[in-house]
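Below: one structure, written as structure tokens.
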Amino acid sequence: MTISQQHTPVVIVGAGPSGLMMAAQLLRYGVQPVIVDSRQGPTTRSKALAVQARSMEIYRQMGIVDKVLNDGKRGGGVQFNQDGEEVASLSLANVGETQTVFPFIQMYPQSKNERLLLDFITLNCCPVYWNTSLLSLSQDTGKVTLKLQSGEDKQTITCDWLVAADGAHSTVRKQLSIPFNGDTYQHQFYLADIKIDANFGDKVNLFLSKKGFAGFFPMPDERSYRVVGNLPDKFDKKDELQIEEVLPHLRDVTQQQIIVEHTNWFTTYRLHHRMADKFREQRCFLIGDAAHIHSPVGGQGMNTGLQDAYNLAWKLAGVINNQLKVSVLDTYARERMPVAKELLNTTDRIFKMILSRNWFINLLKKYLLPVVLKWVWRKPSLREAFFKRVSQTGISYRDSTINLNLSHAGQIKAGDRLPYLKVFDEKREVETDLHEWCNKPGFTLICLGKLKELDLFTIAKWITQNYGASLNFFYLPPSARNQHIFDAFAIKENQKKALIIRPDMHIGFLNDVVDVDMMDNYLLNVVGVKPIIVHGS
Numbered sequence: 029m030t031i032s033q034q035h036t037p038v039v040i041v042g043a044g045p046s047g048l049m050m051a052a053q054l055l056r057y058g059v060q061p062v063i064v065d066s067r068q069g070p071t072t073r074s075k076a077l078a079v080q081a082r083s084m085e086i087y088r089q090m091g092i093v094d095k096v097l098n099d100g101k102r103g104g105g106v107q108f109n110q111d112g113e114e115v116a117s118l119s120l121a122n123v124g125e126t127q128t129v130f131p132f133i134q135m136y137p138q139s140k141n142e143r144l145l146l147d148f149i150t151l152n153c154c155p156v157y158w159n160t161s162l163l164s165l166s167q168d169t170g171k172v173t174l175k176l177q178s179g180e181d182k183q184t185i186t187c188d189w190l191v192a193a194d195g196a197h198s199t200v201r202k203q204l205s206i207p208f209n210g211d212t213y214q215h216q217f218y219l220a221d222i223k224i225d226a227n228f229g230d231k232v233n234l235f236l237s238k239k240g241f242a243g244f245f246p247m248p249d250e251r252s253y254r255v256v257g258n259l260p261d262k263f264d265k266k267d268e269l270q271i272e273e274v275l276p277h278l279r280d281v282t283q284q285q286i287i288v289e290h291t292n293w294f295t296t297y298r299l300h301h302r303m304a305d306k307f308r309e310q311r312c313f314l315i316g317d318a319a320h321i322h323s324p325v326g327g328q329g330m331n332t333g334l335q336d337a338y339n340l341a342w343k344l345a346g347v348i349n350n351q352l353k354v355s356v357l358d359t360y361a362r363e364r365m366p367v368a369k370e371l372l373n374t375t376d377r378i379f380k381m382i383l384s385r386n387w388f389i390n391l392l393k394k395y396l397l398p399v400v401l402k403w404v405w406r407k408p409s410l411r412e413a414f415f416k417r418v419s420q421t422g423i424s425y426r427d428s429t430i431n432l433n434l435s436h437a438g439q440i441k442a443g444d445r446l447p448y449l450k451v452f453d454e455k456r457e458v459e460t461d462l463h464e465w466c467n468k469p470g471f472t473l474i475c476l477g478k479l480k481e482l483d484l485f486t487i488a489k490w491i492t493q494n495y496g497a498s499l500n501f502f503y504l505p506p507s508a509r510n511q512h513i514f515d516a517f518a519i520k521e522n523q524k525k526a527l528i529i530r531p532d533m534h535i536g537f538l539n540d541v542v543d544v545d546m547m548d549n550y551l552l553n554v555v556g557v558k559p560i561i562v563h564g565s
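The sequence shown begins at 29 in the numbering used here and counts up one residue at a time.
Dropping the structure here:
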């Protein structure tokens, strides 16, 4: 298929979850991207499986979360087994219920995520140009030039910005000569999507033994599981393997006589942990696996890529729509690189411990790990900290230059994700929540505390004259039904608080006073928002 545009604001290379999320988010802000992929179409393989709470919140904001809830399966927790015996069982029930509307891990395969996002962009008249490869790229101060090939046809197009979502072997990253430093784990692994004769329930079951490890991840269909594990050394040099050859090893590790009734997918592979030296080169950005890859511990990979796109899209759309200064794009790498680096380090340490054959580490896994896990799970604060990390709801950008914290009270700071707190709408007499207030694209101003009618009029006039639809406004006066919100933000009687929420539901501005000039300064001089009129004109 020939691309009709010779020039376009954004080209996205790669139509996996990260690239499709990037396209979907840009479309929410009125930007029509061109998205190309060298594959024939979306994946039919399940691949990544876990959708974390933070990604579910994004899907909810987009209005498509019901599909994920209806077609997926909730993971009920994690069960640890040593030499076939259960040593610890950690239930996720109610662990994160005060932190998110989705206090669980949703099992929803990558293939379904891709179809979900593909349907979203198709409804918004944004096609994917499949079977289209990037041959080369060059960039100057004003544009990026791409040479593309589809079948026998070659085409040159230009764009203002390029987003690389083309995976671990990213052509864009290689063309830009960005190092992808890291290493490859020495072990070889297998992955199988199978239906078995046993039912492990809705928990993720991890089996550890001296001979290796295996993880059973529940899939939507009854008695269907994603099974991952390490292969014995004897298989290292064997090119083709069948699941029947691996079953004896799996039975040894689990100490269970597992019978496979049906195999949907079986493959072997090696795992890597690598990260690009930089996530941006002039007009080109790296997201998802093009920027970072790591072990599958904790089901973090696909979710991190989705949030890369979520972070970059509103900034890029703001620049393209002439609503934000171009300097805001510098914050993409500043905010997301530390997240990726910490994730790589954490998953690497855990994965190496799981794989270790050291006798002392094996003793720790067998005797100390169960005790520690049970102790942690008895402490509500530690349970919540664990959930925040795994669910990615605890990610914060406090050090970012586009956040401004002027609040001295409370634990919540600018840069943190807006907490999930239920709100009772006194006027409509319905229950909603702070996240639902942020469903519309753009920034959201939330004023907490008692304001005079004149103050509300001044704020509304300021928004209308300077920011229009790019700044949504909500006001919440004190009430007994909503006291928990004031407690969360440490607002005492007769005190106020002003929050400006970024389009990605992170708090950008937090102040103990409601002052239009201070809010205006934040938007104009800290974020770089361009007002719809020039002051003083």
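For glycine and all other residues, C-beta sits at the position ideal for the given N, C-alpha and C.
Small disclaimer: the values here were computed from a predicted structure and weren't measured.
Run the CB neighbour count on residue i, radius 10 Å, all protein chains shown included, and call it buried at 16 or more, exposed below.
i: Ser565; result: Model confidence at Ser565 stands at a pLDDT of 43, short of 50, so the residue's coordinates are unreliable; what they give is reported in the following sentence. Classification for Ser565: exposed.
i: Trp403; result: exposed
i: Thr199; result: buried
i: Gly42; result: buried
i: Glu272; result: exposed
i: Tyr297; result: exposed
i: His563; result: Here His563 scores only 45 on pLDDT, less than 50, and its place in the model is too uncertain to base an answer on.
i: Lys468; result: exposed
i: Phe244; result: buried
i: His35; result: exposed
i: Asp532; result: buried
i: Asp249; result: exposed
i: Asn227; result: exposed
i: Arg88; result: buried
What are the boundary residues of the alpha helix (DSSP H) that residue i is part of?
i: Arg82; result: 81-90
i: Met547; result: 544-549
i: Glu273; result: 271-282
i: Val399; result: 397-405
i: Val555; result: Note, Val555: premise wrong, no alpha helix (DSSP H); not H, not E.
i: His512; result: 511-516
i: Glu412; result: 408-419
i: Val200; result: 199-203
Answer yes or no: do residue i and residue j have a C-beta to C-beta separation smaller than 9 Å?
i: Thr186; j: Leu174; result: yes
i: Asn522; j: Lys478; result: yes
i: Lys394; j: Asp111; result: yes
i: Val79; j: Gly104; result: no
i: Val288; j: Ile224; result: yes
i: Gln53; j: Trp465; result: no
i: Val93; j: Phe148; result: no
i: Lys171; j: Arg311; result: yes
i: Asn549; j: Ser435; result: no
i: Glu309; j: Ile206; result: yes
i: Asn209; j: Asp305; result: yes
i: Phe501; j: Leu473; result: yes
i: Gly257; j: Tyr57; result: no
Quick one: give me the first and last residue of the beta strand (DSSP E) that residue i is part of.
i: Val64; result: 62-64
i: Asn433; result: 432-434
i: His300; result: 288-304
i: His215; result: 208-224
i: Lys101; result: 101-103
i: Arg254; result: 252-258
i: Lys450; result: 450-453
i: Thr472; result: 471-476
i: Lys175; result: 172-178
i: His35; result: 35-41
With DSSP run on the structure shown, which of helix, strand or coil describes residue i?
i: Met135; result: strand
i: Gln53; result: helix
i: Val328; result: The sequence given here has Gln at residue 328, not Val. Of the three classes helix, strand and coil, the one that applies to Gln328 here is coil, per DSSP.
i: Arg377; result: helix
i: Leu163; result: strand
i: Ile491; result: helix
i: Gln335; result: helix
i: Asn390; result: helix
i: Cys466; result: helix
i: Asn233; result: strand
i: Phe244; result: strand
How many whole angstroms separate the CB atoms of residue i and residue j, which I take to be in contact at a CB cut-off of 8 Å?
i: Val541; j: Lys524; result: 6 Å
i: Leu77; j: Pro137; result: 6 Å
i: Tyr338; j: Met547; result: Not a contact, Cβ separation roughly 24 Å.
i: Phe537; j: Ala442; result: 6 Å
i: Thr291; j: Ala220; result: 6 Å
i: Ala437; j: Ala518; result: 4 Å
i: Pro398; j: Ala116; result: 5 Å
For residue i, decide whether its Cβ has a neighbour in chain C, counting only Cβ atoms nearer than 9 Å.
i: Leu204; result: Looking at the structure shown, chain C is missing, and only one protein chain is on hand.
Got a sec: does the ligand MN put a non-hydrogen atom nearer than 8 Å to the Cβ of residue i?
i: Trp189; result: Of ligands this structure carries none, so the ligand MN is not represented either.
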